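**Q** So that you can map any letter, position 187 of the sequence shown is 187 in this note's numbering, and since no number is skipped, the others follow by simple counting.
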Amino acid sequence: MKVLVTGGIGYIGSHTVYELIKAKHDVVIVDNFSNSKKETLEKLKNLVGQDLSFYEGDVCDKAFLEKVFQEEKIDVVIHFAGFKAVGESVEKPLLYYQNNLESTLTLLEVMGKHNCKNLIFSSSATVYGSPEHLPIKEDFPLSTTNPYGTTKLMIEKILKDLYQSDSSWNITILRYFNPIGNEESGTLGEDPKGIPNNLMPYIVRVATGELEILSVFGDDYDTKDGTGVRDYIHVVDLARGHVLAAEKLSGLSIYNLGTGHGYSVLDLVKTFEKVNNVKVPYKITDRRPGDIAMCYADVTKAKEELSFEAEKTLEDMCRDSYTYIKNCKKQG
Ligand code: NAD
Ligand code: UD1
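1. Just confirm the distance between the C-beta atoms of residue 310 and residue 18, as a whole number of angstroms; I'd bet it's less than 8 Å.
2. Using a Cβ-based criterion (distance less than 8 Å to any ligand heavy atom), does residue 92 qualify as near ligand 2?
3. Would you report the Cα separation of residue 34 and residue 201, rounded to the nearest angstrom?
4. For residue 10, does the count of other Cβ atoms within 10 angstroms reach 16, so buried, or fall short, so exposed?
5. Let me know the secondary structure DSSP gives residue 179 once reduced to three states.
6. Less than 9 Å separating the beta-carbons of residue 60 and residue 16?
7. Out of 249, 99 and 289, which one is the CA nearest neighbour of residue 130?
8. How long is the line joining the alpha carbons of residue 388 and residue 50, rounded to whole angstroms?
9. For residue 235 versus residue 179, is the C-beta spacing smaller than 9 Å?
10. For residue 56 and residue 83, I'd like the C-alpha separation in whole angstroms.
11. Check whether the Cβ of residue 200 lies closer than 8 Å to any heavy atom of ligand 2, and answer yes or no.
12. Going by DSSP, what residue range makes up the beta strand (DSSP E) through residue 56?
13. According to DSSP, simplified to helix, strand and coil, what is residue 25?
14. Give a single yes or no on whether residue 84 has its beta carbon closer than 8 Å to a heavy atom of ligand 2.
15. Mapping the DSSP letters down to three states, classify residue 15 as helix, strand or coil.
16. Figure out for me which residue from 268, 286 and 287 has the closest Cα to the Cα of residue 280.
17. Using the rule of at least 16 other Cβ atoms within 10 Å of the residue's Cβ for burial, across every protein chain shown, is residue 147 buried or exposed?
18. Counting C-beta neighbours from all protein chains within 10 Å, is the total for residue 43 16 or more, i.e. buried, or is it exposed?
19. Which two residues bound the contiguous alpha helix (DSSP H) that contains residue 322?
20. Taking only the alpha-carbon atoms, compute the straight-line gap between residue 227 and residue 324 and give it to the nearest angstrom.
21. Is there at least one non-hydrogen atom of ligand 2 closer than 8 Å to the beta-carbon of residue 271?
22. Indicate the three-state DSSP secondary structure (helix, strand or coil) for residue 167 in the structure shown.
23. Count the other CB atoms within 10 Å of the CB of residue 328; is the residue buried (16 or more) or exposed (fewer)?
24. At a threshold of 8 Å, does residue 220 count as lining ligand 2 (C-beta to nearest heavy atom)?
25. Identify every run of the beta strand (DSSP E) within the segment 243–312, keeping only runs that are complete inside it and at least 3 residues long; order them along the chain.
26. Which residue wins for smallest C-alpha separation from residue 39, given the options 307, 187 and 92?
27. Can you round the beta-carbon distance between residue 175 and residue 257 to whole angstroms, since I take them to be within the 8 Å contact cut?
28. Classify residue 155 as helix, strand or coil using the three-state DSSP reduction.
29. Just to confirm my understanding: we take residue 344, look at its own chain, exclude 5 residues before and 5 after, and list those with CB closer than 7 Å. What are they?
30. Can you give me the C-alpha to C-alpha distance between residue 126 and residue 194, rounded to a whole angstrom?
31. Which of the three DSSP states, helix, strand or coil, is assigned to residue 31?
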């Protein structure tokens, strides 16, 4: 199978390319490096031990995409390309609506024209808003609280409408919970620019001494230790989920990709300290506006229909996240 991976140099995309190649699929990558580095392409080539078919360009650029589809006979597209920072999306909503929606619309148009109607789309657990019950099932009500989340919800709606108009499409929407970690050699990983917003990248920077102390946003939630609970999933498991989904594309389907387990902020801090033998100083601060107490997936559907089950533990996630950053530091 020849798989086009848009945003394939990014955090989840690069791990998915690696898993696709391990599963003996052909891969074509498109990325404009708006949130990734050219050196990651070189690292990825070294990791997979082969050259990679790569096109630098913007998925919003129709002429560019046309060229890719003319030159490559694509069977399936996995569409990761998009912007993902919640805070930035509140400050620059038009940028988010433009990039996330236009890239998807352009991609769908060009795919349809070339009769490639097999798509996997990166959605997010953010589309569940503040869930009333746990664990979260795929048929729960949807709502969003920020422009980033709204782009995901709008794209999901576009994909449902498209399928309704033409059922020869095969579309799988994957709703990720909280991806962390990286492949175990520490070649690929996540190293956000500036001060990280998400928990694991922040913990890592405190562990390396780049940041002084972690702020734990609230210890008065109705959870086991009062801190927020999330369903952290190892990015390698998440990437494997994409391979299974690509191999089983049929009709319109929606799956949660998580582990089904909820871990608190303090679970993460303590596990990170233990497996890496480092200290992560923290202080309790106010809740972060917009945060929910708990969020974890019901993973039954992905297990039954995709045979997908997350295998890696919280220990693996904490160890691997640190390996990557230590490697980056060594290389300067
Ligand atoms: P990332 O920013 O690391 O990767 C996205 C890649 O897409 C980057 O390499 C970027 O350069 C590229 N890109 C962006 N716009 C593009 C465009 N118009 N044309 C070509 N390339 C473009 O993000 P990620 O964490 O790998 O996330 C991948 C997808 O998964 C995104 O759609 C994101 O919204 C979604 N998602 C991510 C998370 C998460 O926690 N990381 C959670 C839920 C959903
Ligand atoms: C965030 C995004 C969500 C996205 C998800 C996965 C927001 C509001 N939501 O969710 O849209 O789908 O990432 O990428 O940004 N925490 C701290 N201190 C910190 C950072 C976080 O205590 O410095 C806590 C949070 O309160 C939360 C948990 O850690 O309880 C996880 O936070 P984070 O990693 O930002 O992910 P989400 O809030 O789940």
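C-beta atoms are modelled at their ideal positions from N, C-alpha and C, and glycine is treated no differently.
Quick caveat, the model's predicted, so the values are computed rather than measured.
**A** Quick look at the numbers:
1. Wrong, their Cβ atoms sit about 17 Å apart, outside the cutoff.
2. no
3. 19 Å
4. buried
5. strand
6. no
7. 289
8. Absent from the model: residue 388. The displayed extent of the chain is 1 to 332, so no value can be given.
9. yes
10. 17 Å
11. yes
12. 53–56
13. coil
14. yes
15. helix
16. 268
17. buried
18. buried
19. 314–331
20. 26 Å
21. no
22. coil
23. exposed
24. no
25. 252–257 and 282–285
26. 187
27. 7 Å
28. helix
29. Residue 344 is absent from the structure shown; the chain starts at 1 and stops at 332.
30. 23 Å
31. strand
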